[in-house]
Amino acid sequence: MNGDKERRATSAPLDRADERIRSDTGLAGATRAFLDRVRSGDLGALPVVIGLVIICTAFQSLNPVFLSSNNLVNLLFDCSTVGVIALGIVCILMVGEIDLSVGSVSGFASAMVGVLWVNMEWPAWLAIFAALVVGGAIGALYAVLFNRFGMPSFVSTLAGLLAVLGLQLYLLGSTGSINLPYGSPLVNFGQTLVMPPAVAYTLAAVTGAVVFATAFRTAARRKQAGLSARSLGSLLLRGIVITIILELVVYYLNQDRGVPWMFGLFVALVVAMNYALTRTKWGRSMNAVGGNREAARRAGINVRRTYMTAFVLCATFAAAGGILSAARLASASQQAGTGDVNLNAIAAAVIGGTSLFGGRGTAYSALLGIIVIQSIASGLTLLDLSSSLRYMITGAVLAVAVIVDSLARRSRMSHGRA
Amino acid sequence: MNGDKERRATSAPLDRADERIRSDTGLAGATRAFLDRVRSGDLGALPVVIGLVIICTAFQSLNPVFLSSNNLVNLLFDCSTVGVIALGIVCILMVGEIDLSVGSVSGFASAMVGVLWVNMEWPAWLAIFAALVVGGAIGALYAVLFNRFGMPSFVSTLAGLLAVLGLQLYLLGSTGSINLPYGSPLVNFGQTLVMPPAVAYTLAAVTGAVVFATAFRTAARRKQAGLSARSLGSLLLRGIVITIILELVVYYLNQDRGVPWMFGLFVALVVAMNYALTRTKWGRSMNAVGGNREAARRAGINVRRTYMTAFVLCATFAAAGGILSAARLASASQQAGTGDVNLNAIAAAVIGGTSLFGGRGTAYSALLGIIVIQSIASGLTLLDLSSSLRYMITGAVLAVAVIVDSLARRSRMSHGRA
Amino acid sequence: MTDLTSQSNSQNGLVLSLRGISKNFGAVSALTNIDLDVHAGEVVALVGDNGAGKSTLVKILAGVHLPDSGTITFCRDIVALDDPAASLRLGIATVFQDLALCENLDVVANIFLGRELDPWRLDEVAMEIRAWTLLNELSARIPSVREPVASLSGGQRQTVAIARSLLLEPKLILLDEPTAALGVAQTAEVLDLIERVRDRGLAVVMISHNMEDVRAVADRIVVLRLGRNNGIFHPDASNQELVSAITGASNNAVSRRAERRQGSREHSREPRP
Amino acid sequence: MTDLTSQSNSQNGLVLSLRGISKNFGAVSALTNIDLDVHAGEVVALVGDNGAGKSTLVKILAGVHLPDSGTITFCRDIVALDDPAASLRLGIATVFQDLALCENLDVVANIFLGRELDPWRLDEVAMEIRAWTLLNELSARIPSVREPVASLSGGQRQTVAIARSLLLEPKLILLDEPTAALGVAQTAEVLDLIERVRDRGLAVVMISHNMEDVRAVADRIVVLRLGRNNGIFHPDASNQELVSAITGASNNAVSRRAERRQGSREHSREPRP
Amino acid sequence: QNAKVSGATVAFLMPDQASTRYEEHDRPGFVAEMSKLCPTCKVLYQNADANASRQQQQFNSVISQGAKVIVIDPVDSTAAASLVKQAQGQGVKVIAYDRPIPSTAADFYVSFDNKAIGKAIAKSLVDHLKATKVPTDDVGVLEINGSPTDAAAGLIRDGIHDGLAGSGYKTLAEYDTPDWAPPKAQQWASGQITRFGKKIVGVVAANDGTGGAAIAALKAAGVNPVPPVTGNDATIAGLQLIIAGDQYNTINKPSEIVAAAAANVAVQLLAGEKPKSETTLFNTPSQLFTPTLVTADNLKAEIVDKRINGKPIQSAEVLCGGRYAEGCKKLGITK
Ligand SMILES: Nc1ncnc2c1ncn2[C@@H]1O[C@H](COP(=O)(O)OP(=O)(O)OP(=O)(O)O)[C@@H](O)[C@H]1O
Ligand SMILES: Nc1ncnc2c1ncn2[C@@H]1O[C@H](COP(=O)(O)OP(=O)(O)OP(=O)(O)O)[C@@H](O)[C@H]1O
Ligand SMILES: [Mg+2]
Ligand SMILES: [Mg+2]
């Protein structure tokens, strides 16, 4: 009956053989596919970016300092500390669990670095290493409680929150807070160190080139294997656009101090985690365990080990974030990691699009989410507001920032695509 | 082939017709069923109670004041405030969402009562009513954001946390905090009012009688309808045991001041919510929406309205809890509802056995959970500890309290019964 | 193949009529321009290959998905089914392929979900009795109706889902592969049931991959292929005919297998039933 | 009915042997004292009513549940299957009735889950090609393998689950109602496939409610009833015989329905195929 | 000794963790004095972690344990009123410590004056700016207050306002630091540096933590030299920043003195005596101590050389480790 159609279809690539799927080749096809995705709300990070643009425009119109290079450089410094913690939260949310103790762990790690490095005069790298290891050990403890005793991570990490805070207070008990020496490499890293312009420009260009090269290699292999592939033209376009955008950003930041190395580290971690989560067997098993734990187990995945890595990674990132904030503040204090660090880190991951229920999320959500949160905070510090007003506005702006994404998600769902 | 067995089976009650199901009638049967449940970990609240007993024994041995009537009465007063908030959290967790702003809402409600009643001299009942309504309205707003825009409750209530805290600070801005008149009925209710012994004894007896009567009525109806039913003897035994335990508790508390009315209110709310969640159509739809939202929708349940009620109830209970803590403290202050109120309320629900992922939980989990948390807090105030040690021990004890429950859950799962 | 207007039981009025229904999921067109008529007292079987769009069509009728275009006429009125509740209100009961049960609730609660007796004081005893009656009617083998559905076997769940739909007094019943997981006895009961409700004048749309069952109960067989109408058949159409309409080729896996088996049987001269 | 030791393809060794397997869920005894033997190059069909315990047995063999008592002998060794990974390592591949797919992952990821090519740098292109090959082998109608499994139709998912099990090189394949949701063509392909793997010397245990399919491919038919062994049959046993073993009564819904249809046919004198 | 006194129980309830002073100075000071005055007495210590409800719980708990005198540093001065009423109803004496309980008269009040502290740091900063001839036009200072939900922070803020009023220096911007969290203070300060740049001639910060954060922000922005920044609490970190020349001042509140005074009063109340008071504040007989302002000029004298109970407030060894050695030498603390 549809024989002729079928015959026509056989000449198509393997994955375009089904006549019901529209193959969007060429620029026109790409545009149509994009509009299609806009309509069905399947836009990835775009809605959050739109929310961010709205926020930035509003703050910029209220105070033109907001988008000045100087302020943006500050923003990037501030993003990096909690951002690293949020990256760990992405890992743990991925498998559908939570870690409420990241704040405490970060504070404890900063206290450890303070005590070991400054008070006990260990070499800085050793103190940092020790703090990271202890952070990882705390995560391993949660994993054991979870795997052996089935203790819900909400409860075990709540207990951890308290216990680790106790450890932090104990460690800093006699001094309260410890100054990290100004001028030391760690504090410089956290406060002033920026990439030389040449390095920054090169990195931006290399990023674009790498994006293009990998995509091109994949496309070539797909074409060779008889699968559909994106055209050279569209890949080239994408590579060039990415490069130009990055170069412009770098250029703008270089008007002031430049791109902080700390932010570079954060982005590098995000990219590495993104690779690990999407392109390794381990990342696949994280996704699988978060999506359907029992199915993953039945597929022969070592579910316990996967949880172990998730808990350990989360706590280690928390410790790393704590060390970075100590460097940023040039001090390890009893208050480090308390307050809203937990909530901000989790919120960053969630705002960026990671699900609290597991199995859905990307490393980039930590980057995006923390930029949203810090932009709001930074924008509001530039306005002279009373505390009460500041709280109210923060809440309202946060809702606005997420509303675009929420609407997109809703339309995605009503189109039957969760 | 199994014809004879089948014939034998037909004489059994309708729900015992399947020959594979062991019918546990009589006392011996009940014991066997119980052991069976112990083995498979299907024990309901028992593990948490065991955890509680362990904690109490430990604290009692460290400081004999812990189980004194006086301290227990204080404990009951303290349980009631956060307990009411936790009850709201149970509602919202039931449908698989969360409310991070219960702390702020409770603080805001207490501020409203302070301002309206004390400063603006409204009648107390009207001020309380207004605070509850505003609390409910905040919940309704979250529900609208959730239903209309699909905003994840984590984000909307996080925004709410900040915005409502801002409102609270704004409301108390000029004064900082407001004293509620000492000796007024509200403050008396929160601080001193206890049931007269006769009332308490009667209530305890009535509870036992009601438990027996309803169970007996159901059993009679089931027997009449040809369903299996528990024997009169076992029902009577249960009724008597419950009555005796309650009377003993009341007797012990009456050695000191007696049973606080505030705790009575809390328990009444718990019982009412338990009824609503288990025995009404609304409660059924809450369970269904939390278990499988799409299935509930396809069954024709108005899912949006269910979410609406859950959010509104949660925020209203939060406001009620805030008013109770204001009464307890005889003051409405800027820091009411900040700190760990949120975390304690959520933790209470989770420790009591309500799932963070929806569809599993009972109103009693709020009661049990908050007793666990407050017992730990109260037990530790009886020991002379530095803050750092206190934090560490709180964390450790919390983990111990939950470990029995976790083990039971694990065995439940390994027996294929999630 | 017969033309669209023909039907065996046309003495009764048109209950449901679809014209030009289309539905896209992103870049995939799941349904294109579907027409379908169902009359009272008629069992229409909807057959088609995997992914042909049968369930999508049923979900559109159940108000789960909104169609991208096309009109739905139900009992002479053009209706917008934008919500499952709207469908249920009109009298359309559905058994979904994925069953749509709440795994955390027990059997009784699932059967009565959304239609509980005595909303302010659930009558658990009455509901339990009714549940047992319904389940026994379907020959269900369920040890206990007070266990959460999560602990039931596949077939037991399917029986619960079917029992659910019997609780309503619908005008149209949509059954999406209702017997896929059922045992032989339960399947027979469900087919009996379908005939009973047909005889009571209800309209039934049944999806199935089992041509035996389809031919046994259907008055008309509608074939979908790759999201399009691909012919309407009488139940006495040959298997061969139906299968080629479903797969879109007369040389298909089924015919090849049949031939091969035929060959090997003749070869081994050992006939198998 | 034949006795336990008889089998048609006994030239090959015993792959799997169960003795006295029991399993309780709380107060329900799902399995009581089950014995089962499976030989290499043999297809054993496991049939039984809904809730008879078939899937429970398969899950025990897949390492999902631990039996309460009884011994499992696999290739002459007594084994403890306390984890699905242990089963997989021994060479037992399973297609579960509930499929056990990760709905959030795409088709390729699901097929290769736990067995990805190139662990540190997933070879997506190679995996995608292999996935298409497997799916085409099964006549699957899947528009895109890069969509999450959540968006697939029931039959498409089942095909994915079957494709998964083909990736291993197992000694024993357990198929729990593998064709329940499949279309006619796909069912034929799966039955072909079962015959192919049998001929390669693998042992196959297949659960199905479709007596046609069972008789078509099985070398031996094992009946479970209410969690107990209830006889072993040759594939040429009559339908009647099998159905009474399954339902436990010779007067059952199936026979009643057949009689009724027979009667009404004779009555209306209008034969239907 | 008085029979009523010996073996009695006394409770010492502190409000929070924001500063280490409560566990490092107040409690040891109080315990030391108590054991001197009444060796058989039992001291119960609790810290409420800035949570008024928890403080109420602790208050009830110590009464359950038989405390006859309660020394309380209230988390919430207003809320503490009901505690006083409740205690007095049961014959328990209450000594307000550090922060007053304005609406209900306690039995005694001993304290440093928080408002005076705010005023002192602000005034000292202004004096320093005037002395270094910083012009007043078109420039100003930043003001970093404590937690918006902390009553003591409010008192300090009022004091700072008093201190800055009429100085001629504008307050460019003002910020209530949530939870006294230094990172928040740092982020805010960074933003203000972007906004005002060179117009910032000084920063009034309400404690050493937020002061240190302001310094970190200034350094990170490359501001050189760092304008004077105030502090409070004389933490080791703060003192070291003064030694290093980064922070301008801090406040030394030798809490041991107040704690010892509270212990004295407690024993008198136990014995049923009426403690003598210098002044009356909020209808409460009171004893107020003046804190000392510490800058680089008097750091040696006030911190290292002055003895309390035979010990320096901080020893040279603690302060002058590593990279502070040079600064210490300059200030003459070490040779
Ligand atoms: N929510 C969805 N998102 C994306 N695609 C979908 C969605 N639902 C269905 N599809 C696609 O639409 C097509 C039709 O699916 P449908 O479930 O209607 O098939 P079906 O005819 O019921 O098949 P089966 O016999 O296997 O049940 C399939 O290709 C499927 O992949
Ligand atoms: N996790 C569980 N908890 C409690 N009972 C269970 C559980 N799993 C299975 N059962 C019970 O065990 C019995 C056998 O179930 P099983 O899934 O093995 O049946 P089956 O033979 O596969 O039936 P079907 O043909 O319907 O798939 C059923 O009565 C079921 O209720
Ligand atoms: Mg379907
Ligand atoms: Mg099964």
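So the sequences go chain by chain: A, D, Z, S and X. Counting the first sequence from 1 gives a position; the working numbering is that position plus 5. Counting the second sequence from 1 gives a position; the working numbering is that position plus 5. Counting the third sequence from 1 gives a position; the working numbering is that position plus 47. Counting the fourth sequence from 1 gives a position; the working numbering is that position plus 47. Counting the fifth sequence from 1 gives a position; the working numbering is that position plus 768. Note that beta-carbon positions come from the ideal geometry of N, C-alpha and C, so glycine has one too.
Considering residue i, what are the terminal residues of the beta strand (DSSP E) in which it resides?
i: Z/L219; result: L219 to D223
i: X/Q814; result: K810 to N815
i: X/A973; result: I968 to A973
Keeping to the same chain, check which residues put their C-beta closer than 8 Å to that of residue i; ignore five residues upstream and five downstream.
i: Z/Q58; result: The predicted position of Z/Q58 is uncertain, since its pLDDT is 48 and thus under 50; no value can be drawn from it.
i: D/V487; result: Only positions 6 to 423 of chain D appear in the structure, and residue 487 of chain D is not among them; the question remains open.
Which of helix, strand or coil does DSSP assign to residue i?
i: S/N329; result: Only positions 48 to 320 of chain S appear in this structure, which leaves residue 329 of chain S out of reach.
i: X/E942; result: strand
i: Z/R308; result: helix
i: X/P995; result: coil
i: A/R262; result: coil
i: S/R275; result: strand
i: Z/H86; result: strand
i: Z/A77; result: strand
Using the rule of at least 16 other Cβ atoms within 10 Å of the residue's Cβ for burial, across every protein chain shown, is residue i buried or exposed?
i: X/D841; result: buried
i: X/V909; result: buried
i: X/D875; result: buried
i: Z/I125; result: exposed
i: S/G60; result: exposed
i: D/V246; result: exposed
Only counting the same chain, and skipping five residues up and downstream in sequence, which positions put a Cβ closer than 7 Å to that of residue i?
i: D/V149; result: none
At what residues does the alpha helix (DSSP H) containing residue i begin and finish?
i: X/D895; result: N882 to A899
i: D/L167; result: S158 to L176
i: Z/D260; result: M258 to V264
i: X/N1020; result: No alpha helix (DSSP H) contains X/N1020, which is instead part of the beta strand (DSSP E) from N1017 to N1020.
I'd like the list of long-range same chain contacts for residue i, defined as Cβ closer than 6 Å, with 5 residues on each side in sequence excluded.
i: Z/G201; result: A228
i: X/K1021; result: F880 and P1059
i: X/E942; result: E911
CB of residue i to nearest heavy atom of ligand 6: below 7 Å?
i: S/N299; result: This structure simply doesn't include ligand 6; it includes ligand 1, ligand 2, ligand 3 and ligand 4 instead.
Original post:
For the stretch 978 to 990 of chain X, which residues have a beta carbon sitting closer than 7 Å to at least one beta carbon of chain D?
Top reply: Listed by position along the chain: nothing, the set is empty.
Subject >> chain S contacts from the stretch 122 to 139 of chain Z (Cβ-Cβ distance under 8 Å) >> reply: Hits within the stretch: zero.
**OP:** Below 9 Å between beta carbons is the criterion; list the residues of the stretch 62 to 91 of chain S that meet it against any residue of chain D, in chain order.
**Re:** Against chain D - using a Cβ distance shorter than 9 Å - the residues of the stretch 62 to 91 of chain S are K70, N71, F72, G73, A74, V75, S76, A77 and T79.
**OP:** Pull out every residue of the stretch 999 to 1018 of chain X whose Cβ sits closer than 9 Å to any Cβ of chain C, in chain order.
**Re:** Going by chain labels, chain C is absent from the structure shown, which instead holds the protein chains A, D, Z, S and X.
Original post:
Which residues, in chain order, does the stretch 180 to 191 of chain A contribute to contact with chain X at a C-beta distance below 8 Å?
Top reply: Sequence-ordered contacts of the stretch 180 to 191 of chain A with chain X read T180, G181, S182, I183, N184, P186 and Y187 [C-beta pairs closer than 8 Å].
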